[in-house]
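Numbering (this note's numbering), first residue to last: 357 to 548.
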């Protein structure tokens, strides 16, 4: 069950948004992550409202895992959310097909973006400063190079736009294994 965009309004520039770890219908996540909600209903209302306040119908939303436990919850929540949705399997997504994608890669504005539920030490093309977006850690794990925790706990319960990620990544250091193509081979060998 992975609804994906079929057609787009040609008068609208489609935006990409990234999010993770919503944990719909998961009461215990409120205590585990010290979320500022008194009930699942309140949490879900805030998550849906914040999502829909920035995501438009034609936008694409990448969910990097832990959307919800059960298919009935997914069927209830997904129609309430703006956008076309792509789901990556996390540790609490038993409703997704066993063959659901665990890593999603997409080049946007010539930047390779690698999305996985889990943070990685290296990832495809990290030596060329590709980005890695992850969840699972609920804001408790510092990024390394061009990484960002896209989980709702780390982003005031909002999805993160590609435009905002560009600003965040400009402030991040290069990836630890980045190969600067500006160096000639002698300079590179000298610095190894």
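Just so you know, even glycine gets a beta-carbon here, dropped at the ideal spot from N, CA and C.
In this text the structure is predicted, and so the values were computed from the model without any measurement.
- Message: Could you give the first and the last residue of the continuous alpha helix (DSSP H) run that contains residue 375?
- Response: As a first step, residue 375 is located in the chain shown; it is residue number 19 there, counting from the start. Per DSSP, residue 375 belongs to no alpha helix (DSSP H); it is in the beta strand (DSSP E), 372–375.
- Task: Tell me whether the beta-carbon of residue 506 lies closer than 7 Å to the beta-carbon of residue 370.
- Result: Translated into positions along the chain shown, residue 506 becomes position 150. Translated into positions along the chain shown, residue 370 becomes position 14. In this structure, residue 370 does not lie closer than 7 Å to residue 506 by Cβ.
- Task: Please list the segments of the beta strand (DSSP E) lying wholly inside the stretch 466–518, counting only runs of 3 or more residues, in order along the chain.
- Result: 467–472, 487–490 and 503–505
- Query: Leaving out the 5 sequence neighbours to the left and right, which residues in its chain are closer than 6 Å to residue 439 when beta-carbon positions are compared?
  - Reply: Within the chain shown, the letter at position 83 stands for residue 439. Excluding sequence neighbours, residue 439 sits near 411, 415 and 417.
- Query: Apart from the five residues just before and just after residue 437, which ones in its own chain have a Cβ nearer than 8 Å to its Cβ?
  - Reply: Taking the chain shown and counting its residues from 1, the one referred to as residue 437 is at position 81. 404, 407, 408, 411 and 417, listed in sequence order.
- According to the Cβ coordinates, are residue 534 and residue 464 closer than 7 Å? As a working note, residue 534 is residue 178 in the chain shown. As a working note, residue 464 is residue 108 in the chain shown. No, Cβ-Cβ distance for residue 534 and residue 464 is not below 7 Å.
- Item | Integer-rounded CB distance, given that residue 422 should sit under 8 Å from residue 453 | Numbered from 1 along the chain shown, position 97 holds the residue referred to as residue 453. Numbered from 1 along the chain shown, position 66 holds the residue referred to as residue 422. About 16 Å separates the two Cβ atoms, so there is no contact after all.
- Task: Compare the Cα-Cα distances from residue 398 to each of 381, 434 and 389 and report the closest residue.
- Result: Looking up residue 398 in the chain shown gives position 42. When only C-alpha atoms are compared, the closest one is 381.
- Report buried or exposed for residue 515, applying the criterion of at least 16 other Cβ atoms within 10 angstroms of its Cβ. As a first step, residue 515 is located in the chain shown; it is residue number 159 there, counting from the start. That one is buried.
- Could you tell me which of 466, 531 and 470 sits nearest to residue 460, measuring between CA atoms? Here the question's residue 460 lines up with position 104 in the chain shown. Checking every option, the nearest Cα to that of residue 460 belongs to 470.
- For residue 389, which residues of its own chain have a beta-carbon under 6 Å away from its beta-carbon, when the five flanking residues on both sides are left out? Within the chain shown, the letter at position 33 stands for residue 389. Cβ neighbours of residue 389 beyond the five flanking positions: 494 and 509.
- Query: CB residue 444 to CB residue 457, shorter than 7 Å?
  - Reply: Counting from one through the chain shown, the residue named residue 444 turns up at place 88. Counting from one through the chain shown, the residue named residue 457 turns up at place 101. Yes; because the gap between Cβ atoms is below 7 Å, this pair is in contact.
- Query: In angstroms, rounded to a whole number, what distance separates the CA positions of residue 400 and residue 522?
  - Reply: Taking the chain shown and counting its residues from 1, one reaches residue 400 at position 44. Taking the chain shown and counting its residues from 1, one reaches residue 522 at position 166. Residue 400 and residue 522: Cα-Cα distance of roughly 28 Å.
- Query: So which of 513, 486 and 372 has the shortest CA-CA distance to residue 529?
  - Reply: Position 173 of the chain shown, counted from the first residue, corresponds to residue 529. Checked all of 513, 486 and 372; the closest Cα to residue 529 is 486.
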